[in-house]
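K.L.:
Take 129 as the starting number for the sequence shown in my numbering and just add one per residue.
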Amino acid sequence: MELESGRTISMSKSIAYFALSLVINSAGNVLTLVTSAKIHPSFLGAAYWSAAEANLGTAFHWNLFWAFLVMGFLTAVLNAVLIHHWDWRRIAGNMIFMVPFSALIQVFEDFFDGKYPALFGGLPEAHSMGMIILYIGLNFLGVAFIATAISIYQRVNLVLHPADDLMQILRFRYFKGNAAKAMWASYIPPTIMAIIAIVITQTFANFGLGTIFAFLAQGGITGIADKTIFPKLKHQAVDVGK
129 MELESGRTIS
139 MSKSIAYFAL
149 SLVINSAGNV
159 LTLVTSAKIH
169 PSFLGAAYWS
179 AAEANLGTAF
189 HWNLFWAFLV
199 MGFLTAVLNA
209 VLIHHWDWRR
219 IAGNMIFMVP
229 FSALIQVFED
239 FFDGKYPALF
249 GGLPEAHSMG
259 MIILYIGLNF
269 LGVAFIATAI
279 SIYQRVNLVL
289 HPADDLMQIL
299 RFRYFKGNAA
309 KAMWASYIPP
319 TIMAIIAIVI
329 TQTFANFGLG
339 TIFAFLAQGG
349 ITGIADKTIF
359 PKLKHQAVDV
369 GK
């Protein structure tokens, strides 16, 4: 794993990589949520963090924007604990990430739900085996999008989603660069979130086959993407505390 102590790419390239990864990540997250909701009975589930945040949003009557934003802030606080100091610049970067990311989540949710009919009528309910198989594929594709986006913006390291900052801290501080192990460890906070939401709502939603796939494969896909997607892009200015 090649790490750069400083920055070897220009700010314009960093912003371009970041913007691309933000769109990919948002679209991937919503694909997992929407495809899960279109199959009845629901068995597919969303990506792990998305599933937990969506359940927490339901429990507290928040839309996806607020659910993702609030949980992002709480995770940023956890990151400060792990690196043993409060870095206002890092926290600000996490929040800078969260605002456009949360907004894009809402935009893509509205898009896939057909709220922009002039552009797209929305994904229909799955009433046939063919549609179910298609949605399973789209759900897994959404997970792959998320993993790829994480790989790109972690390497750029301009600003990070708090959950991915958590994964990067765990990866390089505690797991010697192993993306899969770090991803699994980073799932502890959303697991706690999900348990709280289930206790409040008495329902178990947004977890299923796709969530299992995300749990098992997302970290590994991120590691593969590090080597295959923009392979010349190395991890920039990594700081995981002392």
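For each residue, glycine too, the CB sits at the ideal point set by N, CA and C.
So what's Tyr315 in DSSP terms, helix, strand or just coil?
P.N.:
Translated into the one-based positions of the sequence shown, residue 315 becomes position 187. Residue state, collapsed to three classes: coil.
K.L.:
Please name the residue, chosen from Ala333, Thr319 and Arg283, that lies closest to Lys362 on a Cα-to-Cα basis.
P.N.:
Residue numbering aside, residue 362 sits at position 234 when the sequence shown is read from its first letter. Minimum Cα distance to Lys362 is reached at Arg283.
K.L.:
How would you write the range of the alpha helix (DSSP H) that Lys362 sits in, first residue to last?
P.N.:
In the sequence shown, residue 362 corresponds to position 234, counting from 1. Judged by DSSP secondary structure, Lys362 falls outside any alpha helix (DSSP H); it is assigned neither H nor E.
K.L.:
Return the residue from the list Gly242, Val271 and Asp354 that minimises the CA-CA distance to Gly156.
P.N.:
Residue numbering aside, residue 156 sits at position 28 when the sequence shown is read from its first letter. Of Gly242, Val271 and Asp354, the smallest CA-CA separation from Gly156 is found for Val271.
K.L.:
Taking the Cβ atom as the reference point for each residue, do Trp194 and Gly185 lie within a distance shorter than 8 Å?
P.N.:
In the sequence shown, residue 194 corresponds to position 66, counting from 1. In the sequence shown, residue 185 corresponds to position 57, counting from 1. Yes; because the gap between Cβ atoms is below 8 Å, this pair is in contact.
K.L.:
Is Gly338 closer than 8 Å to Phe236 when the C-beta atoms are compared?
P.N.:
Against the sequence shown, residue 236 aligns to sequence position 108. Against the sequence shown, residue 338 aligns to sequence position 210. No, the pair does not count as a contact, with Cβ atoms beyond the cut-off.
K.L.:
Excluding the five sequence neighbours on either side, which residues of its own chain have a C-beta within less than 6 Å of the C-beta of Asn153, listed in chain order?
P.N.:
For the purposes of this step, residue 153 is identified with residue 25 of the sequence shown, where counting begins at 1. Counting only Cβ-Cβ distances below 6 Å, and skipping sequence neighbours, we find Ile274 and Ala277.
K.L.:
Looking at the structure shown, is Phe303 part of a helix, part of a strand, or coil, going by DSSP?
P.N.:
The residue labelled residue 303 in the question sits at position 175 within the sequence shown. Coil, per DSSP.
K.L.:
Relative to the alpha-carbon of Met311, which residue among Pro318, Met257 and Gly347 has its alpha-carbon at the smallest distance?
P.N.:
As a working note, residue 311 is residue 183 in the sequence shown. Closest by C-alpha distance to Met311, out of Pro318, Met257 and Gly347, is Gly347.
K.L.:
Measuring CA to CA, which of Asn183, Gly258 and Leu150 is closest to Val327?
P.N.:
The count along the sequence shown starts at 1 and reaches residue 327 at position 199. If we check each option's Cα against that of Val327, Asn183 comes out closest.
K.L.:
Secondary structure at Phe239, three-state DSSP: helix, strand or coil?
P.N.:
Counting from one through the sequence shown, the residue named residue 239 turns up at place 111. It is helical.
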